[in-house]
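Under our numbering, think of the first position of the sequence shown as 3, with each following residue one higher.
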Amino acid sequence: MNIPSELKYTKDHEWVSVDADIATIGITDFAQSELGDIVYVEVETLDETLEADEIFGTVEAVKTVSDLFLPLSGEIIEFNEGLEDEPETVNSDPYGAGWMIKVKISNPEQVEGLMSADDYKALIGA
Numbered sequence: 003m004n005i006p007s008e009l010k011y012t013k014d015h016e017w018v019s020v021d022a023d024i025a026t027i028g029i030t031d032f033a034q035s036e037l038g039d040i041v042y043v044e045v046e047t048l049d050e051t052l053e054a055d056e057i058f059g060t061v062e063a064v065k066t067v068s069d070l071f072l073p074l075s076g077e078i079i080e081f082n083e084g085l086e087d088e089p090e091t092v093n094s095d096p097y098g099a100g101w102m103i104k105v106k107i108s109n110p111e112q113v114e115g116l117m118s119a120d121d122y123k124a125l126i127g128a
């Protein structure tokens, strides 16, 4: 199970990479393996400002559809359009080319409330 130590994590199995006031967000290796083959990623919240824990989109696998929860409050400024044609990239490269959105963080203090890699490993029993 790949759980990069430089990232932050959520109980909803999303990862967060923070660079100044921009957060890049995707789902974890654990999440993609639990979902199975991903066939569609939908994000209709581009250019919207949402609060932490609000739904920003959905990910659809062969057997299920899961909501995606925003880990940090802010404006969704970018969607990874490559996922429209190749949603399976989330399976093959969840921490790289499979990223989902970028958010302009409105409340930087929320970053401290995210889980470390060690905390996330404990959550999933890795």
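Just so it is clear, CB atoms sit at the ideal spot from N, CA and C, and this is done for glycine as well.
In angstroms, rounded to a whole number, what distance separates the CA positions of residue i and residue j?
i    : j    : result
G59  : A25  : 16 Å
D121 : H15  : 12 Å
T66  : S108 : 32 Å
D55  : F71  : 5 Å
E136 : E111 : There is simply no residue 136 to check, as the chain begins at 3 and stops at 128 in what is shown.
E50  : I79  : 8 Å
P73  : A119 : 15 Å
Q34  : F81  : 18 Å
G98  : K123 : 19 Å
Which whole-angstrom value is the C-beta distance of residue i and residue j, which I expect to be below 8 Å?
i    : j   : result
S75  : E53 : 5 Å
V113 : K10 : 7 Å
Would you mind stating whether residue i and residue j have Cβ atoms separated by less than 8 Å?
i    : j   : result
L125 : V18 : no
W101 : G28 : yes
I103 : V45 : yes
M3   : D21 : no
For residue i, which beta-bridge partners are listed by DSSP?
i    : result
I107 : G76
M117 : Y11
L52  : G76
I27  : V18 and I103
I126 : I126 is not bridged to any residue.
E59  : Note that residue 59 is Gly in the sequence shown here, rather than Glu. According to DSSP, which records beta bridges pairwise, G59 is partnered with L70.
On a Cα-Cα basis, can you pick out the residue from the options that is closest to residue i?
i   : options                : result
A63 : T51, G84 and V43       : V43
P6  : P96, V61, I103 and D23 : P96
E86 : V20, D31 and I40       : I40
L48 : E83, S35 and E36       : E83
D23 : E36, E77 and K13       : E77
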